[in-house]
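A.B. asks: Below is a structure I'd like to ask you about.
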Amino acid sequence: MRLLLLRMRARGRLTLGRGVRIGEGARIRIAPGAHVTIEDGARIGDRLRIEAFAGHVRIGAEASLADAVRITAHADVTVGDHAVLGDYTAVLTSLPAHADPAAPAARRAPRTAPVTIEHGARLQPGAVVEPGATVPKDSTVPARSIVTQTPAPASSS
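Below is the structure:
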């Protein structure tokens, strides 16, 4: 019943795969022109919030988003297949720009960029992913960490 209500309210802007599970109190808001895809077997925790103002939010097959995860999308967000986002994780595609703090706030354009969380990546509870970052395949982001950019690959010496 919950999935049917979500589809009806989204007016064609939400695509749900087979076997998707959505927890109690989860909210998905999708602005006109934005789209959210939740692929087969994805698990969405209680009190999750997805706010898609622009772009495409894709939650991959068998991905697991725990309780109180927050995704705020002003650009594309990709959560890869089998990725795991722990409780209270936040994914943000837009933040205020602070390049010129003397400029009036209304004239500071926000920093907006897509976010990618690759296949099998794990974000432990409380982690935050900022605009433009990519979390590499099968990597782990420690609890309460902030990912501000794509980490450099480990060198093999």
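The sequence shown maps to residues 0 to 156 in numbering that gives the first Met the number 0.
C-beta atoms are modelled at their ideal positions from N, C-alpha and C, and glycine is treated no differently.
Nothing here was measured: the structure is a model prediction, and the numbers come from that model.
1) Are the Cβ atoms of residue 96 and residue 109 separated by less than 8 Å?
2) Let me know if residue 58 comes out buried or exposed under the rule of 16 or more other beta-carbons within 10 Å of its beta-carbon.
3) I need the straight-line Cα distance from residue 46 to residue 38, nearest angstrom please.
4) Decide if residue 130 is buried, meaning its Cβ has at least 16 other Cβ atoms within 10 Å, or exposed.
5) Measure the CB-CB distance between residue 11 and residue 60 and report whether it falls below 8 Å.
6) If I'm right that residue 92 touches residue 73 with Cβ under 8 Å, what's the distance once you round it to whole angstroms?
7) Looking at the structure shown, is residue 128 part of a helix, part of a strand, or coil, going by DSSP?
8) Just to confirm, are residue 78 and residue 121 a CB contact at a threshold of 8 Å?
9) Report back the beta-carbon spacing between residue 67 and residue 86 to the nearest angstrom; my notes put them in contact at under 8 Å.
10) Considering Cα atoms alone, identify which of 71, 55, 32 and 136 is closest to residue 94.
C.D. replies: Short version:
1) As a working mapping, residue 96 is identified with position 97 in the sequence shown. As a working mapping, residue 109 is identified with position 110 in the sequence shown. Contact: yes.
2) In the sequence shown, counting from the first residue as 1, residue 58 sits at position 59. It is buried - the Cβ of residue 58 has at least 16 other Cβ atoms within 10 Å.
3) Here the question's residue 46 lines up with position 47 in the sequence shown. Here the question's residue 38 lines up with position 39 in the sequence shown. If you take the alpha carbons of residue 46 and residue 38, they lie about 19 Å apart.
4) Translated into the one-based positions of the sequence shown, residue 130 becomes position 131. Burial call: buried.
5) In the sequence shown, residue 11 corresponds to position 12, counting from 1. In the sequence shown, residue 60 corresponds to position 61, counting from 1. Contact: no.
6) For the purposes of this step, residue 92 is taken as the residue at position 93 of the sequence shown. For the purposes of this step, residue 73 is taken as the residue at position 74 of the sequence shown. Between residue 73 and residue 92 the Cβ distance is about 5 Å, and since that is below 8 Å, they are a contact.
7) The sequence position of residue 128 within the sequence shown is 129, counting from 1. Strand, per DSSP.
8) Here the question's residue 78 lines up with position 79 in the sequence shown. Here the question's residue 121 lines up with position 122 in the sequence shown. In this structure, residue 121 does not lie closer than 8 Å to residue 78 by Cβ.
9) In the sequence shown, the residue the question calls residue 67 occupies position 68. In the sequence shown, the residue the question calls residue 86 occupies position 87. Correct: roughly 6 Å between the Cβ atoms.
10) On the sequence shown, residue 94 is found 95 positions in, with the first residue counted as 1. Nearest option by C-alpha distance: 71.
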